[in-house]
Ligand code: UDP
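Numbering (UniProt numbering), first residue to last: 1 to 497.
Structural data, given as structure tokens:
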């Protein structure tokens, strides 16, 4: 860590990931990244997330010890671990009672956060920074109460941040929150976003009912982010340069992605909320590039009909596939979703699991394509592995990420031509798109593979010593340190005069 005026203030950040799989994973790797650069981190999971991780972990892993960072600490990183109630009992079905859960996170969680942060006054080294997922609504309130540097952690593309950031413009121009007659024409007034179609907005900005819990969270969180001292973003400058530059006019924002486990190897810190099936032996038996990996992430739901059409599409396409089919993909109270006898029909050619170590699977040479919901982590991971995508967005930012993947970067195809919210899938179209992606007759895969190699280079370059993400991270650390000094932290007591 850089010395300032000969002194060496040690940043200690409390880090709160959003209690969802796709947010916990990058937050864990952010913690490791910052700790490797001299930060002390106190990482806070909700008790529910913690219990799910421990329940799912393999015997012998660090999660066994009830402290997912025990291994990281042994390797010299100062990462401490705490858990906190999200306000609900452990047995409460958060997936089934979605709205009630988010309402609790919005209203009750901040009281637990306040108590935890209050109890950490007097820690050594003193707590100086709060890093909280951008979707939390209480960050500025807690940061100012405890005089902490307010750092917002954004786990989606800059494009999505920019659209939420400028909600006021979308409302003013009639593209959002106009009930049934939202404008349908191209949006051209968001700073740093040349043009975007309304159907590529995040699903919440396409809905006509704008009074839901999630909308209330969005209104509060994206007003609160404007009070952040710094925004860390899991994207890459060169991928979204115009959008990032425009945001930087408003606030200090640092693209430091892609945030992955070191060496893109299975993390030593347990992060999975479900038990992982090992697919390696099965993949070892398949030819290079012959297997389609299918996963719709950890959170979104699909209709039973769509799952059935995809199942038959996979069958008709005749490709090999690994399909992650979460038990709650339709709903946690409807788990019998595949057509009768399906698993017999795909024997030898298809492997269906409830969860896997995705980075291990997509970096296997047998994988040649990824049918994905376009979750941002999945997109980054696929680019890193040079695996082209077949896009099937279901919810939230996935529609917007699809635009980046298919329309802007041309590293993927749409699963169905009518790819918008509420579309219908047919098995024939799914089969045809799968063949095109995997290099079958009339395949588009050559162009996609060429483009994704270029995108992969951008990601790789960003993480080299002189790459943009490394430089941005260094700048961030300097700026945080200065901010800490401005806030007059009592770090002097550790300095020998
Ligand atoms: N993932 C995994 N195993 C699976 C499916 C997903 O490890 O079987 C990981 C994946 O590598 C990614 C995260 O879970 O890091 C999902 O995040 P993403 O942003 O893609 O989607 P979300 O789950 O947030 O919708």
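We put the beta carbon where it would ideally sit given N, CA and C, even for glycine.
Going by beta carbon distance, what residues of the same chain come within less than 7 Å of residue i, once the five residues before and after it are set aside?
| i | result |
| --- | --- |
| residue 73 | 79 |
| residue 327 | 335, 354 |
| residue 388 | 369, 411, 412, 437, 445, 448, 449, 452 |
| residue 311 | 338, 339, 342 |
| residue 204 | 214, 215, 218, 396 |
| residue 104 | 86, 87, 88 |
Restricting to Cα atoms, I'd like to know which of the options is closest to residue i.
| i | options | result |
| --- | --- | --- |
| residue 75 | 334, 36, 105, 142 | 36 |
| residue 224 | 316, 251, 202 | 251 |
| residue 14 | 20, 32, 22 | 32 |
| residue 303 | 335, 22, 290 | 335 |
| residue 431 | 313, 394, 470 | 313 |
| residue 27 | 195, 374, 318, 44 | 44 |
| residue 85 | 107, 47, 66 | 47 |
| residue 417 | 397, 409, 439, 393 | 393 |
| residue 156 | 402, 362, 320 | 402 |
| residue 423 | 359, 215, 199, 483 | 199 |
| residue 131 | 426, 381, 148 | 148 |
| residue 375 | 385, 398, 358, 391 | 398 |
| residue 192 | 362, 153, 209, 243 | 243 |
| residue 383 | 365, 320, 258, 308 | 258 |
| residue 231 | 52, 154, 29 | 154 |
Going by beta carbon distance, what residues of the same chain come within less than 8 Å of residue i, once the five residues before and after it are set aside?
| i | result |
| --- | --- |
| residue 238 | 458, 461, 462, 468 |
| residue 189 | 169, 173 |
Residue i and residue j look like a contact to me (Cβ under 8 Å); what is the Cβ gap, rounded to whole Å?
| i | j | result |
| --- | --- | --- |
| residue 433 | residue 413 | 6 Å |
| residue 275 | residue 56 | 5 Å |
| residue 285 | residue 324 | That pair is no contact at about 19 Å. |
| residue 25 | residue 377 | 6 Å |
| residue 214 | residue 71 | In fact, because the Cβ distance is near 35 Å, the residues do not count as touching under 8 Å. |
| residue 222 | residue 167 | 6 Å |
| residue 256 | residue 233 | 7 Å |
| residue 472 | residue 254 | 4 Å |
| residue 361 | residue 319 | Not confirmed; about 15 Å, so no contact. |
| residue 309 | residue 426 | 6 Å |
What does a CB cutoff of less than 6 Å around residue i pick up in its chain, not counting 5 residues either side in sequence?
| i | result |
| --- | --- |
| residue 94 | 101 |
| residue 367 | 291, 293, 387 |
| residue 59 | none |
| residue 485 | none |
| residue 277 | 353, 356 |
| residue 1 | Note on residue 1: pLDDT 46, under 50, position unreliable in the model; the coordinate value appears next. Hits under 6 Å: 38. |
| residue 329 | 302 |
| residue 492 | Low per-residue confidence applies at residue 492: pLDDT is 47, beneath 50, and the placement is therefore not dependable enough to give any value. |
| residue 98 | none |
| residue 476 | 254 |
| residue 3 | With a pLDDT of only 47 at residue 3, under 50, the local geometry of the prediction cannot be trusted, and the value read off the model is given with reservation. The answer is none, since no qualifying residue turns up. |
| residue 12 | 40, 125, 127, 128 |
| residue 187 | 175, 196 |
So, does the stretch 238–249 touch the stretch 153–167, judging by three or more C-beta pairs under 8 Å? yes
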